[in-house]
Ligand SMILES: [Fe+2]
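Numbering (my numbering), first residue to last: 34 to 332.
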């Protein structure tokens, strides 16, 4: 039996409504994935996913905020966008580095002589815990994301995924005051001009957790440099707890090395990537397509 974990009113995230939180928390923890297998859905024909396959992916996203799909054909960027649209992911963010289609290619190839190569998503270095678009202004958060693997690395490049709802539960169970601190409008500031090349954005200050249309959203970076946290004891303690949690691991963190044809579709959960090594042949290195949306996965 599948429990319904969707917050019906948003009161689950109101510290004054303990009953709603308790009910939501119990349902969420009772229906947690036990392995990445619980997230996986095979799509037989990527050009026309079946109603069952679509409902299975929606189901995973509703229960766990993420799904891992697998297709057997090679997908173009347009194919990835078409797939995303099946799940209500339409409002595509178009950052400065993307091509005209708005999908970012994450690879190392060709980056050696460009400024882009110094930014970790475009290198083979470890990429620490974050949610996508954590430097976006309040009101323009990334709520949904697709990460599609075109080619995996020779070694490494493993992804870890952590449901942001579970991170919230771990924090609130430890100290509810930390939720207030992390929902404060000044909780986390990302300084100007330090995210991606050519980025001319100003500093962005905003909360770490926010309730958007009754659903929890999270803005987080594990980086120490280029992140300024609100200077008060509760924020410092909450941040330290969260760092320890993410560094130390949690039974509900999922680890998976995406293979060619696999992808993550999610409500912008916390994620990180290990370092990797590409094959010696040029043009055969790890390549992922990334699309970010202002929408959550629709049910
Ligand atoms: Fe990311």
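For every residue, glycine included, the Cβ atom is placed at its ideal position computed from N, Cα and C.
Decide if the stretch 309-324 is in contact with the stretch 74-82; the criterion is three or more beta carbon pairs, one per stretch, under 8 Å apart. no
Is the closest heavy atom of ligand 1 to the C-beta of residue 178 under 8 Å? yes
Cβ neighbours of residue 225 in the same chain (closer than 6 Å, five flanking residues each side left out): 235 and 236
CB of residue 255 to nearest heavy atom of ligand 1: below 8 Å? no
For residue 160, verify whether its CB is less than 8 Å away from any heavy atom of ligand 1. yes
With a cut-off of 8 Å on the beta carbons, I'd call residue 122 and residue 330 a contact; round off their distance for me. 7 Å
Examine the Cβ distances between the stretch 203-210 and the stretch 104-113 and report whether three or more of them are shorter than 8 Å. no
Just mark residue 12 as buried or exposed, buried being the case when its beta carbon has 16 or more other beta carbons within 10 Å. The question about residue 12 has no answer, for the chain in this structure spans 34 to 332.
Over the uninterrupted alpha helix (DSSP H) stretch that includes residue 93, give me the two end residues. 84-97
So, for residue 103: in the same chain, excluding its five sequence neighbours on each side, which residues have a beta-carbon less than 6 Å away from its beta-carbon? 75, 294 and 295
Alpha carbon to alpha carbon, what distance is there between residue 99 and residue 40? Residue placement at residue 40 cannot be trusted, given a pLDDT of 46 that sits under 50; the coordinates are not used to answer.
Leaving aside the five residues before and after residue 189 along the sequence, list all residues of the same chain whose C-beta is less than 7 Å from its C-beta, in chain order. 307, 308, 309 and 310
For residue 107, tell me which candidate among 292, 326, 299 and 304 has the shortest Cα-Cα distance. 292
So, residue 250 versus residue 174, is the Cβ gap smaller than 9 Å? yes
Measuring alpha carbon to alpha carbon, tell me which residue in 155, 254 and 96 is nearest residue 167. 254
So residue 139 and residue 204 are supposed to be a Cβ contact under 8 Å. How far apart are they, rounded? With 8 Å as the limit, residue 139 and residue 204 do not qualify as a contact, their Cβ atoms being about 29 Å apart.
If you count every other CB in all the chains shown that lies within 10 Å of the CB of residue 261, and 16 or more means buried, which is it? exposed
Between which two residues does the beta strand (DSSP E) containing residue 324 stretch? 320-326
Whose beta carbon lies closer than 6 Å to any heavy atom of ligand 3, going through the chain in order? Absence of ligand 3 is noted for the structure shown, with ligand 1 being the only ligands found.
Whose CA, out of 135, 200, 170 and 201, lies closest to the CA of residue 179? 135
Compare the beta carbon distance of residue 217 and residue 263 with 9 Å and say whether it is the shorter of the two. yes
With respect to the alpha helix (DSSP H) encompassing residue 346, which residues constitute its N-terminal and C-terminal limits? Outside the displayed range of the chain (34 to 332) lies residue 346, so it cannot be described from this structure.
Given that a residue counts as buried once 16 or more other Cβ atoms are within 10 Å of its Cβ, and exposed if not, what is residue 51? exposed
Could you name each continuous alpha helix (DSSP H) segment of 4 residues or more that falls completely within the stretch 218-274, going from the start of the chain to the end? none
Buried or exposed for residue 323, going by 16 or more other Cβ atoms inside 10 Å? buried
Could you give the DSSP three-state label for residue 294: helix, strand or coil? coil
Sort 193, 92 and 268 by Cα distance to residue 288 and report the nearest one. 193
State the DSSP-derived secondary structure class of residue 331, mapped to helix, strand or coil. coil
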